[in-house]
Structures are given as structure tokens and as C-alpha cells.
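Line by line, the protein sequences give chains S and W.
In this text, residue positions in the first sequence follow this note's numbering: the first is 986, and each later residue adds one.
In this text, residue positions in the second sequence follow this note's numbering: the first is 986, and each later residue adds one.
All remarks here apply to the structure that follows.
There are 2 protein chains.
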Amino acid sequence: MPMPRPALAETDISAQLREAIARGQFSPNERLVEAELAERYSVNRAHIRTALAVLDREGLVVRLPHRGAHVRAISDTEAIEIAETRLAIEAMVARQATLRGDAKGRASLRQIEKDMRRAVTQSDAALYSQCNAALHRELQRMAGNATADRILNTLKSHLVRLQYRVILLPGRPRASLAEHAAIVKAVCTGDADAAERAMRKHLTSFARLLKQAIEATRMGGF
Amino acid sequence: MPMPRPALAETDISAQLREAIARGQFSPNERLVEAELAERYSVNRAHIRTALAVLDREGLVVRLPHRGAHVRAISDTEAIEIAETRLAIEAMVARQATLRGDAKGRASLRQIEKDMRRAVTQSDAALYSQCNAALHRELQRMAGNATADRILNTLKSHLVRLQYRVILLPGRPRASLAEHAAIVKAVCTGDADAAERAMRKHLTSFARLLKQAIEATRMGGF
DNA sequence: CCGCGCCAGATTGTCAACAATTTGGTCAAC
DNA sequence: GTTGACCAAATTGTTGACAATCTGGCGCGG
Chain S
986 MPMPRPALAE TDISAQLREA IARGQFSPNE RLVEAELAER YSVNRAHIRT
1036 ALAVLDREGL VVRLPHRGAH VRAISDTEAI EIAETRLAIE AMVARQATLR
1086 GDAKGRASLR QIEKDMRRAV TQSDAALYSQ CNAALHRELQ RMAGNATADR
1136 ILNTLKSHLV RLQYRVILLP GRPRASLAEH AAIVKAVCTG DADAAERAMR
1186 KHLTSFARLL KQAIEATRMG GF
Chain W
986 MPMPRPALAE TDISAQLREA IARGQFSPNE RLVEAELAER YSVNRAHIRT
1036 ALAVLDREGL VVRLPHRGAH VRAISDTEAI EIAETRLAIE AMVARQATLR
1086 GDAKGRASLR QIEKDMRRAV TQSDAALYSQ CNAALHRELQ RMAGNATADR
1136 ILNTLKSHLV RLQYRVILLP GRPRASLAEH AAIVKAVCTG DADAAERAMR
1186 KHLTSFARLL KQAIEATRMG GF
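What follows is the structure, given as C-alpha cells:
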């Protein structure tokens, strides 16, 4: 039986912190005091320091010499930037998934689409969100592009804080479903161009709505 | 007068190591012993450790528990993967540079193109390579997409070890020049679609040649 | 009342010592 | 000759202590 792989403590802490920040357990601009984090995660301060350096490089936190680290508040324009960059990569992933994907992957996609449909008819936002993630994940797996995986992983950790704003927009799930269906269809019929186009369309509309949501928030004084 | 910003030692060491690995000062699979690096860069072992963690996350090195770090040897398929991912992002950057670039940037591009032409007529490979980097850098600046910048920076650090193979191909500079000229023209005339297409074409041919160069190397032994 | 310098506490940056683990080699037994 | 246990050196993993620096508040002088 192959041991569940060791994984360095530092790597682990980076992942935990990344997740925590992405989930909003630390608010933007919140100070991240090394000693506190060390205690909270029951590790040495050195590990926290290392994790912060990694997250700094990823853009999730900012560190100023002798002034410590804080959660980086991504600006509105930057959020859009990130969404656009994600779009560029996921469009490529959709293409590669079409070209390199296996039958099992295509079957998975179709199943996920079904679940999505159910989520929409039942107005189950949580289920929909879950299916959404599953679909994108399956496409990444089919594409088998580890580089793209890593980048998307990082980009999404920036976006999760924001996407709930979009998902909750009235009528969004229904529109999103149609877009997803188009992607699944293209991938399953082996039309790589169409798959890329469909994904591009999907994420373009996501980016547009994100932009609107941001504007609205700014106006409405949150 | 704004101080040239402090920059943490750790961040600095990460950058130095990244550069060194990218330049091939450490060969693939070479062991990276913390104590040795600490001495070479005149810093504490803790700094090296942190830097290695960052580079691990970036995919430049691999670390195994209790067995240390070594330069990650990127496989052939992965090199192509990286080139394709780069393509996806730079195509977007070209588009954004067209839409958001300023007149000064466009003037720069035209100047760089001139220098490139000179490099080709003089068969000055070093100059050409320099112009090539300058052109892509200027496009990134014009696009003003910090997220894309960071990602491209990382991706390129993986590719530099390989690109000399492509640049040295007979006739490559001349073909590359035409592709670059098309990009500059599209960006300067404000045709974003054309700019994206031109960049895509340019990097597609780069990826194709990289693939060929890799195949050739594999055949030719060594 | 306001500004300024200065001090104490909090926090980060640096470092060296120590513990834990792997690796490669040696030697004995078969 | 080969196998395997075992030991020593090298290396990584962990931890605590100490130095350097920032922050906020206090009191002094204007």
C-alpha cells in the first residue's frame, strides 16, 4: 500500500493559509501576525514565514519589511484582470480537453451537466456551485496540462471571494447552464474550436457580470 | 525622492535562485544543498529554505522530505505545455496592449522593430534576442496587466533554457521578424483582433519549432 | 491646545544549535 | 559473491534565542 505521500509541513501550511484567505477567513488588509498564525496552526514561526513568502509571490498577501504581512486587497480593476487571465487559460484548457480527453471524461461531463440541470430546476445554488467547480475541474483533468492547473488554481484562489456576487445574480444559473451545456456539447463532439469559443463566451459573460457586480457594489455603498 | 524600495532578503534570494536556474547555472536534476547555497549567496540557511519553497511552488524545483531539493527537469511534453500556456496569455496581452497602450508605447514598439531589422541584416543574434525580449516586455507594460506579468515571468523562467535552440535555427530570425512586424503593426493601428491573431501566430510557430527542436535533440542522442 | 521627541511593547529579521532522517559504505554471515 | 544489518557522515527539519525595527502613546515645551 503506497503511503499517502509525505508532503512537507511548509507546503501544507501554505495550502491551508491559501485556502483560509480564499475562503475569506481573513479579511482584506487584515494583518497576518506570524506568532498568532504559528499558534493557530500549531507550527513553528519559520513555517509560517515560509508560507507567507510563497503567498506573497502568488499575490495573495503583501509583505513589507519589518511591518509584517497582510491580506492583499485586490482592487476592482485587478479582479477583472484576473478574470480575464483566467479566461485566456481556460479557453485553452477547453481546447486541449477536447483534443486529449478520454471517453470517461466525456461521460463525466455529461453527468455533471445533468446534475446542473437538476440544480437549476430545484434552485439549489449550493449544488450548482459544486457542479460548476466539478465541471471546470474535469475539463482540466482531461486537458492534462499541469502548468495550466497550477496557474488556474492560484487565480481562482483570488476569485472565490468575489464569485458569490455573480452566482447570486437573478437568472444567472439558468444563463450559465446554457453556456455550460454548449461547452459540454462541443467537447463531447470533438469540436475543439467550438469548445474554446464556448468557454470564452462563458467566461466573458462571467467577467462582464463580475464587472457589473463590482460597479453595483461601489455605487450601493455595500 | 522615493527610496528604491527595500525588498526582503528572502524575496531577493528567490529571484536570484530563479534567475540562476533559468540561466542554466544549475543543470536539471542537480541537487540543491541548502548549506552550499547559503554560503554561495552569503545568507542564512533559513532564507535558502524559504526561497526553495517558493521555487517549489513555481515548479522550478522539487523537494522531497528529508531528501532535499533538486532542479526540476521539465519533460518534453511539459515544455510544450508551457509554451502553449504562454501563448494563451501573451495573445491576451497583445489584445490588451492594443486597447490600453499609450502613444509612447507604440513609438517604443516601432523603434524596437527597427532595431530588430538591423539585427537581422547584421545577423546579430544577441541583439535580436535582446530586441525580442524588449518587444514582449513593452507589450506587457502597455497592457498593464500585473497578473499576466507575474505568470509570464514564471513561465519564461522555465523556457529560457530551451529557447536558444529555437533562436539558433537557420532562417528563424528572418521569419520571426515578419511575425513581430505584424504584431507591431496591428497594435499601432489599434486593431486588437489582429494583434491577438498575430501574437498567436508568432507563438504558435515558436511552439512548433520548439517541438521540432526537441524531437531533433531526442533523435540526435545527447 | 498642538507638535515633537522619546520610550516601551510588539513584531519581524537573523542566526546558530540541536534533533531526525537518509545515504552510502563496511563487514560479517551465508 | 551476494545479501543484509548496521554504522557514520551528510543533510534536512525544528526550535528557541537574540537583534533590529516599527508602532503607538506619553510627556515636554511651545
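Backbone N, C-alpha and C define an ideal beta-carbon position, used for all residues, glycine too.
Nothing here was measured: the structure is a model prediction, and the numbers come from that model.
Cβ of residue i within 9 Å of any chain W Cβ
i: Leu1194/S; result: no
i: Asn1014/S; result: no
i: Met1127/S; result: no
i: Leu1002/S; result: no
i: Gly1044/S; result: yes
i: Ser999/S; result: yes
i: Ala1180/S; result: no
i: Ile1067/S; result: yes
i: Leu1072/S; result: yes
i: Leu1140/S; result: yes
i: Ile1136/S; result: yes
Buried versus exposed, by CB contacts within 10 Å (16 or more), residue i
i: Arg1193/W; result: exposed
i: Arg1003/W; result: buried
i: Leu1208/W; result: This structure cannot settle anything about residue 1208/W, because the visible part of chain W is limited to 986 through 1207.
i: Arg1071/W; result: buried
i: Glu995/S; result: buried
i: Ala1111/W; result: exposed
i: Gln1081/W; result: buried
9 Å Cβ cutoff met for residue i and residue j
i: Ala1064/W; j: Leu1144/W; result: yes
i: Arg1091/S; j: Val1172/S; result: yes
i: Leu1124/W; j: Leu1094/W; result: yes
i: Ala1036/S; j: Ala1038/W; result: yes
i: Ala1079/S; j: Ala1031/S; result: no
i: Glu1098/S; j: Val1169/S; result: yes
i: Glu1069/W; j: Asn1130/S; result: yes
Proximity winner among the options, relative to residue i (alpha-carbon distances)
i: Ala1118/S; options: Ala1005/S, Thr1070/S, Met1101/S and Gly1175/S; result: Met1101/S
i: Leu1195/W; options: Arg1150/W, Leu1112/W, Val1056/W and Thr1106/W; result: Arg1150/W
i: Leu1140/W; options: Thr1035/W, Ile1067/W and Gln1096/W; result: Ile1067/W
i: Gly1009/W; options: Glu1069/W, Ala1082/W, Ile1033/W and Ile1059/W; result: Ile1059/W
i: Ala1023/W; options: Ser999/W, Pro1013/W, Asn1014/W and Asp1109/W; result: Ser999/W
i: His1051/S; options: Glu1181/S, Ala1160/S and Arg1016/S; result: Arg1016/S
i: Leu1120/S; options: Pro1155/S, Ala1167/S and Arg1157/S; result: Ala1167/S
i: Ile1136/S; options: Asp1178/S, Gly1156/S and Met1077/S; result: Met1077/S
i: Ser1108/S; options: Gln1096/S, Asn1138/S and Leu1154/S; result: Leu1154/S
i: Gly1086/S; options: Ala1111/S, Arg1122/S and Thr996/S; result: Arg1122/S
i: Tyr1026/W; options: Asp997/W, Ser1012/W and Arg1159/W; result: Asp997/W
i: Ser1012/W; options: Val1056/W, Gln1197/W, Ile1152/W and Ala1179/W; result: Val1056/W
i: Thr1174/W; options: Ala1088/W, Leu1040/W, Val1018/W and Arg1126/W; result: Ala1088/W
i: His1165/S; options: Tyr1113/S, Arg1126/S and Asn1138/S; result: Tyr1113/S
Rounded straight-line distance, which links the Cα of residue j to that of residue i
i: Ser1190/S; j: Glu1200/S; result: 15 Å
i: Ser1142/W; j: Ile1006/W; result: 8 Å
i: Arg1185/W; j: Cys1116/W; result: 19 Å
i: Asp1176/W; j: Leu1084/W; result: 8 Å
i: Ala1133/S; j: Ile1074/S; result: 7 Å
i: Arg1182/S; j: Leu1188/S; result: 10 Å
i: Thr1062/S; j: Gly1044/S; result: 15 Å
i: Ala1163/S; j: Val1047/S; result: 39 Å
i: Ser1161/W; j: Ile1033/W; result: 39 Å
i: Thr1202/W; j: Pro1158/S; result: 50 Å
i: Ala1198/S; j: Met1204/S; result: 10 Å
i: Gly1156/S; j: Thr1106/S; result: 12 Å
i: Asn1138/W; j: Arg1103/W; result: 27 Å
i: Arg1126/W; j: Gln1096/W; result: 16 Å
is_contact[residue i, chain S] using C-beta, thresh 9 Å
i: Val1039/W; result: yes
i: Ala1171/W; result: no
i: Asn1117/W; result: no
i: Gly1090/W; result: no
i: Arg1150/W; result: no
i: Glu1019/W; result: no
i: Met1184/W; result: no
i: Arg1034/W; result: yes
i: Thr1132/W; result: yes
i: Gln1197/W; result: no
i: Gln1010/W; result: no
i: Ala1076/W; result: yes
i: Ser996/W; result: Before going further, note that residue 996/W is Thr rather than Ser in the sequence given. Closer than 9 Å to some Cβ of chain S, the Cβ of Thr996/W qualifies, so yes.
i: Leu1124/W; result: no
i: Arg970/W; result: Here chain W comprises residues numbered 986 to 1207, so residue 970/W is not present and cannot be evaluated.
i: Ala1082/W; result: no
i: Arg1048/W; result: yes
The ligand SAM heavy atom lying under 8 Å from the CB of residue i
i: Ser1012/W; result: The ligand SAM is not among the ligands present in this structure, which contains no ligands whatsoever.
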